[in-house]
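Visitor:
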Amino acid sequence: MTDTTAHRRIDGRRLLVASHNSGKIRELDFLLGGLKMELVTAGELGLPEPAETGTTFVENARIKALAAATAAGEVALSDDSGLCVEALGGAPGVYTADWAGPDRDWDRAMRLVEEELQKVGATAPGQRKAKFVSLLCLAWPDGHTQEYLGEREGELVWPPRRGGVSYGYDPVFMPDGEDKTFGQMTAEEKHGSIWAAPGPLSHRARSVQRLVEAAFPEGIRP
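If you read the sequence shown in the working numbering, its first letter stands for residue 28, the second for the next number, and so on.
(1) Determine the direct distance from the alpha carbon of ALA157 to that of GLU86, and round the result to whole angstroms.
(2) May I ask you to verify whether the stretch 97-104 touches the stretch 115-134, counting CB pairs closer than 8 Å and requiring at least 3?
(3) Just how far apart, CA to CA, sit VAL112 and GLU182?
(4) Check whether the Cβ atoms of GLY210 and PHE200 sit closer than 9 Å, and answer yes or no.
(5) Figure out for me which residue from ILE90, PHE84, SER46, VAL235 has the closest Cα to the Cα of TYR122.
(6) Write down every uninterrupted run of the alpha helix (DSSP H) in the stretch 29-88 whose length is 4 residues or greater and which is fully enclosed by it, in chain order.
(7) Mind pulling the beta strand (DSSP E) runs of 3 or more residues that sit fully within the stretch 86-162?
(8) For ASP38, which residues in the same chain have their Cβ closer than 8 Å to its Cβ, ignoring the five residues on either side in sequence?
(9) Would you say VAL184 and THR208 are within 9 Å of each other, going by their C-beta atoms?
(10) In the DSSP assignment, the alpha helix (DSSP H) including ARG25 goes from what residue to what residue?
(11) Going by DSSP, name the residue or residues bridged to PRO225.
(12) When you compare the CB positions of GLY177 and GLN236, do they come within less than 9 Å of one another, or not?
(13) Check for me: the beta strand (DSSP E) holding GLU182 runs from which residue to which?
(14) Apart from the five residues on each side of it in sequence, which residues of its chain come closer than 7 Å, Cβ to Cβ, to SER193?
(15) Compute the beta-carbon to beta-carbon distance between VAL44 and THR68, rounded to the nearest angstrom, for a pair I have assumed lies under 8 Å.
(16) Whole angstroms is fine: what's the gap from SER46's alpha carbon to PRO119's?
(17) So, at 6 Å on beta carbons, what are the nonlocal neighbours of ALA88 in its own chain, with the 5 sequence-adjacent residues on each side left out?
(18) What does the Cβ neighbour count give for GLY109, buried or exposed, with the cut at 16 atoms within 10 Å?
(19) Going by beta-carbon coordinates alone, are MET64 and ILE247 separated by less than 9 Å?
(20) Quick one: Cα of ASP206 to Cα of GLU216, how far?
(21) Would you decide whether ARG36 is buried or exposed? Buried here means 16 or more other CB atoms lie within 10 Å of its CB.
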């Protein structure tokens, strides 16, 4: 979904991550850790969190990336991600974090999803299909943006299953072809690798790989 007619590549040695979400920052740091580039976050620079008033992943990702890029005067990367449940018409979708409330209570969010599934009678595995979406946006201070999409399909289980390093809805999401939820996996099991086999596995790993291949010069790759 990048406009290749006006495509740009990063030419610096520092990248501003436009996020205050510790779980998201941890995953991006893990995935981008092999790059010869300094990562700095919006929180470290004291930048405010903009209101996410968009109704799509692209809109919200652009809002966050452009706000950081404009305020800091440098290239910024944002991630807008969410859980889309087929039986719920794609909800919670762009409102994934809102279902956790202002305190980001992910147990509450998972219960709400399960309650909604029960209401529509989605109790069998085939009725509980879902996918995680990660939409990355690179933004420049002059307003130029580029987007990269990654998705991972699976189904929802109940009750939550934990055991690894996770956040958000990970404990109820079992990706297709696996017998463990994201919440039971290590970071390596959940994401795979953007540099080597088995390749990118999670939604965020897939969007990051597309970002790196399209916008990062070979000189800063491992």
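We put the CB at the ideal spot given by N, CA and C, even for glycine.
Because the structure is a prediction, the values reported are computed rather than measured.
Guide: According to the data block:
(1) 22 Å
(2) no
(3) Rounded to the nearest angstrom, the two C-alpha atoms are 9 Å apart.
(4) Yes.
(5) PHE84
(6) 49-59
(7) Within the stretch 86-162, the complete beta strand (DSSP E) runs of at least 3 residues fall at 103-112.
(8) PRO244
(9) yes
(10) Here the chain comprises residues numbered 28 to 249, so residue 25 is not present and cannot be evaluated.
(11) The partner list for PRO225 (beta bridge, DSSP) is empty, contrary to what the question assumes.
(12) yes
(13) 172-183
(14) PHE209, GLY210
(15) 5 Å
(16) 20 Å
(17) SER105, ASP107, LEU162, CYS164
(18) buried
(19) MET64 is a Cβ neighbour of ILE247, given a cutoff of 9 Å.
(20) 12 Å
(21) exposed
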